[in-house]
Structure formats: structure tokens, C-alpha cells
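S.K.:
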Amino acid sequence: MRSSNPVFSRRGFSRDNGYAGFNAAPQAGGPAVGTQGNPHAQQGGNPYAQNPYAQQDLQYGAPPQAPVTTTGRMTMDDVVMRSAMTLGTVTVGAILAWALLPVSSSSYGLAIGAALVAFVLAMVQSFKRKASPALILGYAAFEGVFLGVISEMFNARWSGAPFQAVLGTMAVAGATLLVYKAGWIRVTARYARIGMAIAIAFILVTAVNLLLVVFGVAEDGGLRSMGPLGAIVGIIAILLGAFFLTLDFKQIEDGIAYGAPREEAWLAAFALTMSLVWIYIEMLRLVAIFSGDD
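For the numbering used here, add 392 to where a residue sits in the sequence shown, where the first one is 1.
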């Protein structure tokens with residue numbers, strides 16, 4: 393049984409067989425997984441052994457070999473639409489926060505509050521079995537407020553940093569998609585295990601570093617300083633963000649191939665939004681570090 397926590401499991405579409413992307417995904421327009429190439433199906437065994445949604449095909453009244461374009465199934469258009477809505481909500485929230493909230497300590501406190509609310513909403517959605525558009529869009533709205541405030545603060549000290557961070561985020565996302573589609577990165581079970589181990593270690597080390605900074609043990613931000621060490625840590629964080637994106641791309645690809653229900657497109661949009669927000673925040677810090685104190 394997969395974990396439903398998108399922060400640590402990155403939500404594969406598999407229901408009972410681990411991460412769906414680590415099984416042999418069907419080719420677009422080909423036979424459904426669980427039939428061709430599945431020895432269990434060919435030998436009279438369980439025809440749904442590899443396709444986590446084959447059982448659900450019966451609920452929709454479609455045979456296991458129904459094409460993935462069956463009504464009610466997730467398509468790329470669904471993912472694009474939901475992602476546009478989620479990222480659009482983040483953008484609108486950020487623009488409004490930038491325009492309406494002045495750079496001040498009170499605004500910073502509001503940004504922290506918005507970030508905490510966004511985190512809670514994300515965790516609630518993470519442990520739900522089904523996607524909740526209200527929770528996902530609520531997360532996006534509060535995350536947008538947080539990003540708008542901190543972006544304005546960074547811009548006040550490092551003029552143009554947010555714009556450069558947006559361009560950097562787009563570049564990382566585009567490059568990651570390019571190498572993924574070119575087949576230079578193969579999302580396998582081993583790849584995901586190693587990457588998630590590094591990501592969890594990074595998060596734990598970052599959390600410990602934050603506590604050390606709060607209690608005055610680590611000076612100037614410790615590992616997250618605005619110096620060379622902070623730049624190295626920031627680059628590692630951006631690479632982890634790119635790793636998360638590869639898992640998201642695999643999730644979307646397998647979800648469409650397996651015939652995931654249309655509402656799963658919200659989970660794909662949720663995953664992409666979190667990965668892009670992660671990369672943007674780290675890119676913002678990195679731009680500031682390389683900009684110096686000017």
C-alpha cells in the first residue's frame with residue numbers, strides 16, 4: 393500500500409503494488425497493463441496484478457482492456473488545466489500580497505502565518521485518500537501570499553531577484569522535462585529510493601540547522617547562510633526539486649497510461665505546484681547569494 397504523503401512518497405498512482413511508475417507502464421494506445429506481457433494474466437492468474445486501476449475499470453463498466461481514453465479517465469489536458477488553476481492561484485495570491493502588503497515586520501509575520509496554514513492544508517490533503525480541490529486551491533492561495541511577501545522583501549534588498557528566480561525556476565523545470573522525455577533519466581524504484589533518502593536526510597539536516605540558528609548555536613544561518621556554504625546547500629536543494637519533478641512527471645505519465653480517474657489530475661497539479669514552489673524558494677535564495685549585498 394502506497395503512502396499518501398506527497399512530501400515523502402511523491403504519490404505514485406499505484407494502489408496496491410507500490411509506485412505505479414516502477415511497474416511496466418503500458419504504451420499509449422496499447423493494451424492495458426495486466427494483459428499483454430503480464431504472465432499472471434496470460435496464465436489465468438490475476439489480470440490486475442500490474443494495473444492498479446484495472447479493478448476500477450469494472451466499476452466504470454469497462455472491460456480491463458478498455459483504452460485509457462475511456463470517459464472519466466485522467467488525460468494530459470486535465471493535468472494541464474488543473475495545474476494552470478493551481479499555479480494561477482499561487483500567482484494571484486503572490487501578486488495581491490506584493491501589491492497590498494508593505495515590507496514590514498508585520499507583513500513578515502503574516503507571511504509566516506500563511507506558510508503555516510498552507511503547510512497544514514497540504515498535510516491534510518496529503519493524508520486524504522482522494523483529492524480535494526478546495527484544499528489544494530486553499531494551499532495554493534496561502535502559499536501565494538507567503539511567496540508574494542518574501543519575494544517583495546527579497547526584491548527590496550536585491551532588486552530583480554524574484555524575476556530572476558522565476559526565470560531560473562522555469563529553466564530548471566524545462567530542462568528537467570527535456571532530460572526526462574529524452575530518456576536520460578529513468579525513474580526506477582532504485583532511483584526513487586536513493587533520491588528520497590537524500591531528500592529526507594536534507595530535510596532533517598535543514599530542520600536541525602534551523603533549531604541551532606534559533607537557539608543561537610549556529611551563527612549567520614549556519615548551513616543556510618548567505619555565503620558559499622549556503623550557495624552549495626541551495627544548489628543541492630534545487631537538484632532535489634528537479635528530482636521531485638521527475639517523480640511528478642512519471643506519476644502523470646503512468647496515471648494517464650493506467651487510466652487513473654479524472655480527479656487524480658488534482659493530485660498531479662498539487663505535486664507539480666509543491667515541486668515548483670520548492671525550486672522557486674531555493675532559486676530566490678541562490679539569486680540573492682550571488683547578488684551579494686549590493
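Glycine included, every Cβ here is placed at the ideal spot set by N, Cα and C.
Fair warning: this is a prediction, and the values are worked out from it, not measured in the lab.
#1: Just to confirm my understanding: we take residue 473, look at its own chain, exclude 5 residues before and 5 after, and list those with CB closer than 8 Å. What are they?
#2: Looking at the unbroken alpha helix (DSSP H) that takes in residue 647, where does it start and where does it end?
#3: Decide yes or no for the touch test of the segment 533-544 against the segment 479-488: beta carbon pairs closer than 8 Å, at least 3 of them.
#4: Could you compute how far the alpha carbon of residue 550 sits from the alpha carbon of residue 668?
#5: Suppose you measure from the CA of residue 630 to the CA of residue 674; what does that come to, to the nearest Å?
#6: If you draw a straight line from the alpha carbon of residue 568 to that of residue 641, how long is it in whole angstroms?
#7: According to the Cβ coordinates, are residue 591 and residue 662 closer than 8 Å?
#8: Going along the chain, which residues of its own chain have a beta-carbon closer than 7 Å to the beta-carbon of residue 604, five neighbours each way excluded?
#9: Following the continuous alpha helix (DSSP H) through residue 525, name the residue where it begins and the one where it ends.
#10: So, with DSSP's three-state summary, where would you put residue 451?
#11: Look at the Cβ atom of residue 482, then the Cβ atom of residue 557, and state whether they are nearer than 8 Å.
#12: Determine the DSSP secondary structure at residue 653, reduced to helix, strand or coil.
#13: Could you give the distance in angstroms between the alpha-carbon of residue 637 and the alpha-carbon of residue 579?
#14: Please confirm whether residue 622 and residue 681 have their CB atoms less than 8 Å apart.
#15: If distances are taken between C-alpha atoms only, which option among 683, 521 and 529 comes closest to residue 619?
#16: Here's the rule: buried if 16 or more other CB atoms are within 10 angstroms of the residue's CB, otherwise exposed. What is residue 470?
#17: Suppose the cutoff is 7 Å on Cβ atoms and the five residues either side in sequence are ignored; what does the same chain contact list for residue 533 look like?
#18: How close, in whole Å, do the beta carbons of residue 468 and residue 648 come, if the pair is a contact with beta carbons under 8 Å?
#19: So, with DSSP's three-state summary, where would you put residue 465?
#20: Are residue 676 and residue 554 close, meaning C-beta to C-beta below 8 Å?
#21: To the nearest angstrom, report how far apart residue 501 and residue 596 are at their CA atoms.
#22: Along the alpha helix (DSSP H) that carries residue 498, what are the first and last residues, could you check?
#23: Can you tell me whether residue 483 sits near the ligand COA, meaning its C-beta is under 7 Å from at least one heavy atom of the ligand?
#24: Tell me the DSSP secondary structure of residue 478 in three-state form.
#25: Restricting to Cα atoms, I'd like to know which of 671, 665, 653 and 666 is closest to residue 465.
#26: Under 7 Å Cβ to Cβ from residue 670, same chain only, skipping five residues before and after it: list those, please.
#27: Measure the alpha-carbon distance for residue 646 versus residue 572 and round it to whole angstroms.
#28: Based on Cα-Cα distance, which residue from 537, 513, 538 and 535 lies nearest to residue 526?
#29: CB residue 538 to CB residue 507, shorter than 8 Å?
#30: Let me confirm a value: residue 564 is counted as buried when at least 16 other C-beta atoms fall within 10 Å, else exposed. Which label applies?
M.R.: A quick look at the data gives this:
#1: For the purposes of this step, residue 473 is taken as residue 81 along the sequence shown, with counting starting at 1. Taken in chain order, the residues that qualify are 657.
#2: Your numbering for residue 647 matches position 255 in the sequence shown. For residue 647, the uninterrupted alpha helix (DSSP H) segment begins and ends at 620-650.
#3: Segments in contact, yes.
#4: On the sequence shown, residue 550 is found 158 positions in, with the first residue counted as 1. On the sequence shown, residue 668 is found 276 positions in, with the first residue counted as 1. Taking C-alpha positions only, residue 550 is separated from residue 668 by approximately 21 Å.
#5: Numbered from its first residue, the sequence shown carries residue 630 at position 238. Numbered from its first residue, the sequence shown carries residue 674 at position 282. Cα to Cα, the separation comes out at about 6 Å.
#6: Locating residue 568 in the sequence shown gives position 176, where the first residue counts as 1. Locating residue 641 in the sequence shown gives position 249, where the first residue counts as 1. Rounded to the nearest angstrom, the two C-alpha atoms are 9 Å apart.
#7: Position 199 of the sequence shown holds residue 591. Position 270 of the sequence shown holds residue 662. In this structure, residue 662 does not lie closer than 8 Å to residue 591 by Cβ.
#8: Taking the sequence shown and counting its residues from 1, one reaches residue 604 at position 212. Same-chain partners within the cutoff: 610 and 614.
#9: Position 133 of the sequence shown, counted from the first residue, corresponds to residue 525. From DSSP, the alpha helix (DSSP H) with residue 525 extends over 525-549.
#10: What you label residue 451 is simply residue 59 of the sequence shown in a count that begins at 1. Residue placement at residue 451 is poorly supported in this model, since its pLDDT is 39, which falls under 50; the coordinates are not used for a value here.
#11: Position 90 of the sequence shown, counted from the start, is the residue given in the question as residue 482. Position 165 of the sequence shown, counted from the start, is the residue given in the question as residue 557. With respect to residue 557, residue 482 sits apart: the two C-beta atoms are not nearer than 8 Å.
#12: The count along the sequence shown starts at 1 and reaches residue 653 at position 261. For residue 653, the three-state secondary structure derived from DSSP is strand.
#13: Residue mapping note: residue 637 aligns to position 245 of the sequence shown, counting from 1. Residue mapping note: residue 579 aligns to position 187 of the sequence shown, counting from 1. Per the coordinates, the alpha-carbon of residue 637 lies some 11 Å from the alpha-carbon of residue 579.
#14: Position 230 of the sequence shown holds residue 622. Position 289 of the sequence shown holds residue 681. Contact: yes.
#15: The residue labelled residue 619 in the question sits at position 227 within the sequence shown. With distances taken between Cα atoms, residue 619 lies closest to 683.
#16: Translated into positions along the sequence shown, residue 470 becomes position 78. Answer is buried; the Cβ neighbour count reaches 16.
#17: For the purposes of this step, residue 533 is taken as residue 141 along the sequence shown, with counting starting at 1. Around residue 533: 481 and 485.
#18: In the sequence shown, the residue the question calls residue 468 occupies position 76. In the sequence shown, the residue the question calls residue 648 occupies position 256. Contact between residue 468 and residue 648 is confirmed by a C-beta separation of about 6 Å, below the 8 Å threshold.
#19: Position 73 of the sequence shown holds residue 465. Shown here, residue 465 sits in a strand according to DSSP, grouped into three states.
#20: Numbered from its first residue, the sequence shown carries residue 676 at position 284. Numbered from its first residue, the sequence shown carries residue 554 at position 162. The Cβ atoms of residue 676 and residue 554 lie closer than 8 Å to each other.
#21: Within the sequence shown, numbered from 1, the residue matching residue 501 stands at position 109. Within the sequence shown, numbered from 1, the residue matching residue 596 stands at position 204. If you take the alpha carbons of residue 501 and residue 596, they lie about 24 Å apart.
#22: Residue 498 sits at position 106 when you count from the first residue of the sequence shown. Counting along the chain, the alpha helix (DSSP H) containing residue 498 begins and ends at 497-518.
#23: Among the ligands in the structure shown, none appear at all, so the ligand COA cannot be discussed.
#24: Taking the first residue of the sequence shown as position 1, residue 478 is located at position 86. Note: residue 478 maps to helix in three-state DSSP.
#25: For the purposes of this step, residue 465 is identified with residue 73 of the sequence shown, where counting begins at 1. The option with the nearest alpha carbon to residue 465 is 653.
#26: Counted from its first residue, the sequence shown places residue 670 at position 278. Only 633 and 636 meet the Cβ criterion.
#27: Start at 1 with the first residue of the sequence shown, and residue 646 comes out as number 254. Start at 1 with the first residue of the sequence shown, and residue 572 comes out as number 180. Answer to the nearest angstrom: the Cα atoms are 14 Å apart.
#28: To locate residue 526, count along the sequence shown from 1; it is residue 134. For residue 526, the closest C-alpha among the options 537, 513, 538 and 535 is that of 513.
#29: Along the sequence shown, read from residue 1 onward, the residue named residue 538 stands at position 146. Along the sequence shown, read from residue 1 onward, the residue named residue 507 stands at position 115. Contact check for residue 538 against residue 507 passes: the beta carbons are separated by less than 8 Å.
#30: The residue you call residue 564 lines up with position 172 of the sequence shown. Classification of residue 564: buried, given that the 10 Å Cβ count is 16 or more.
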